DNA sequence: AGTGGGCCCTGTGCGC
DNA sequence: TGCGCACAGGGCCCAC
């Protein structure tokens, strides 16, 4: 999740993948210089700085037209930043589109599919978890096992989770701040993420932590029924 | 095709 | 207080 795309003069685009601890900072006074990995200096003397404690973040200049190109040439081999999937908040992200995606990847665990940036761009671990809780779908369900009504709920839940995150300025669990250095408020509104043992906001059953796709995962064992494996 | 582990890095929080 | 371990808004590569 968390790609930032700058359209540049001349048809190129600067793509930034923030990964775990990347931050773009502009007009922030108290920047910890130890973690600044690069900066863009402007003619007016201001600077956009890229701070990234864990050094996982990446930047690349790509052909902007390549970013727009849908479906064609989206090979697993090519660099991720030039093969991003559908934008979940764009018009093209419809229930029919999601159904078609699931039709192409029926055997993958639904949470793994949500986190696949070549399929859908920009859903991170927190938002996948929150969306699946909202849609009442277990993270390990095979994508192809979802019924039509479940796909509709998931479609709505993805947009709900992402819009909420944007409206609240992001989730500042420990590192994240926006370009002005301000923390977000999404972390206060987590329904299940990071809440193992606490009651489900919907039914009261204790939230369970598991690992899916190598990432910490939270779900309600009553609202999100486990598939038979 | 899909999954699981290691790895890339640095920092924090917890149990002992 | 100090140490060691697990874990963290992500993704790549490899073996199975």
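Residue numbers (our numbering): 2 to 230. All C-beta atoms, glycine included, are put in the ideal place defined by N, C-alpha and C. All values derive from a computational prediction rather than experimental measurement.
For residue 23, the uninterrupted beta strand (DSSP E) segment begins and ends at 23-27. In the displayed model, residue 166 falls within a helix according to three-state DSSP. Residues of the same chain with a CB within less than 8 Å of the CB of residue 23, apart from the 5 flanking positions on each side, are 3, 17, 51, 52, 53, 57 and 58 in chain order. Residue 124: not part of any alpha helix (DSSP H); DSSP gives it neither H nor E.
Counting only runs that start and end inside the segment 73-107, the alpha helix (DSSP H) elements of at least 4 residues fall at 96-105.
Its Cα nearest to that of residue 170, the residue 188 stands out among 188, 158 and 154. Secondary structure note for residue 14: its beta strand (DSSP E) is the uninterrupted segment 13-18. In the three-state reduction of the DSSP assignment, residue 9 falls in the coil class.
Taking a cut-off of 8 Å for Cβ pairs, the segment 24-34 and the segment 176-183 touch, as three or more such pairs fall below it. Within the same chain, and ignoring the five residues on either side of residue 191 in sequence, the residues whose Cβ sits closer than 8 Å to its Cβ are 127, 131 and 172. About 4 Å separates the beta carbons of residue 225 and residue 139, which is inside the 8 Å limit, making them a contact pair.
In the DSSP assignment, residue 109 falls outside any alpha helix (DSSP H) and carries neither an H nor an E.
For the set 49, 6 and 79, the Cα lying nearest the Cα of residue 37 is the one of 49. Secondary structure of residue 135 (DSSP, three-state): helix. Contact annotation: residue 153 and residue 96 have beta-carbon atoms nearer than 7 Å.
By the CB criterion at 7 Å, residue 103 and residue 149 fall outside the cutoff.
Burial is judged here by how many other beta carbons sit within 10 angstroms of a residue's own beta carbon; residue 212 has fewer than 16 and is exposed. Annotation: the continuous alpha helix (DSSP H) that includes residue 67 extends over 65-69. Going by DSSP, residue 176 is part of no beta strand (DSSP E) at all; its letter is neither H nor E. 7 Å or more divides the Cβ of residue 228 from the Cβ of residue 159. By the criterion of a C-beta distance shorter than 6 Å, residue 44 is surrounded by no residue of its chain, once the five residues flanking it on both sides are discounted.
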